[in-house]
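Counting with this note's numbering, you get residues 17 to 102 for the letters of the sequence shown. For every residue, glycine included, the Cβ atom is placed at its ideal position computed from N, Cα and C. Source: prediction; values computed, not measured.
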Amino acid sequence: MAGAPPALAPPASPARSCLDLLHPVEANGVSLGMSEAAVARLRGRGWHFDTFIGGGVRLMFIRDTGVDTMDALGADLRRPVAQATA
17 MAGAPPALAP PASPARSCLD LLHPVEANGV SLGMSEAAVA RLRGRGWHFD
67 TFIGGGVRLM FIRDTGVDTM DALGADLRRP VAQATA
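1) Return the CA-CA distance between leucine 48 and leucine 93, expressed in angstroms with no decimal places.
2) So, with DSSP's three-state summary, where would you put aspartate 36?
3) Compare the C-alpha of methionine 91 against each of Gly45, Leu37 and Ala54 and name the closest.
4) Using DSSP with H/G/I as helix, E/B as strand and the rest coil, what is threonine 85?
5) Tell me whether arginine 59 sits in a helix, a strand or coil according to DSSP, three-state version.
6) Can you tell me which of the three DSSP states aspartate 80 falls into?
7) Rounded to whole angstroms, how far is the Cβ of glycine 82 from the Cβ of leucine 38, which I believe are closer than 8 Å?
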């Protein structure tokens, strides 16, 4: 994702195929395609987000979202993706 914070940059591995950018990044929102298992794992770790029919999720960020929060989300996004390919 061009211009994405490093924490949200897609992993350079086979796991990338389990986490797909569905639409261009606009303002404070990111739409991603991910498996139901990955969605359940993220929700189990306390993240809240909207889901779409067919496995898409929408992540929305507020203007003052901190780097620590983005790093934590990036780590949790990688964890479900990596587990989905194991």
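Well, looking at it:
1) 11 Å
2) strand
3) The sequence shown places alanine at residue 91, not methionine. For alanine 91, the nearest C-alpha among the options comes from Ala54.
4) helix
5) helix
6) coil
7) Contact flag wrong, Cβ pair sits at about 25 Å.
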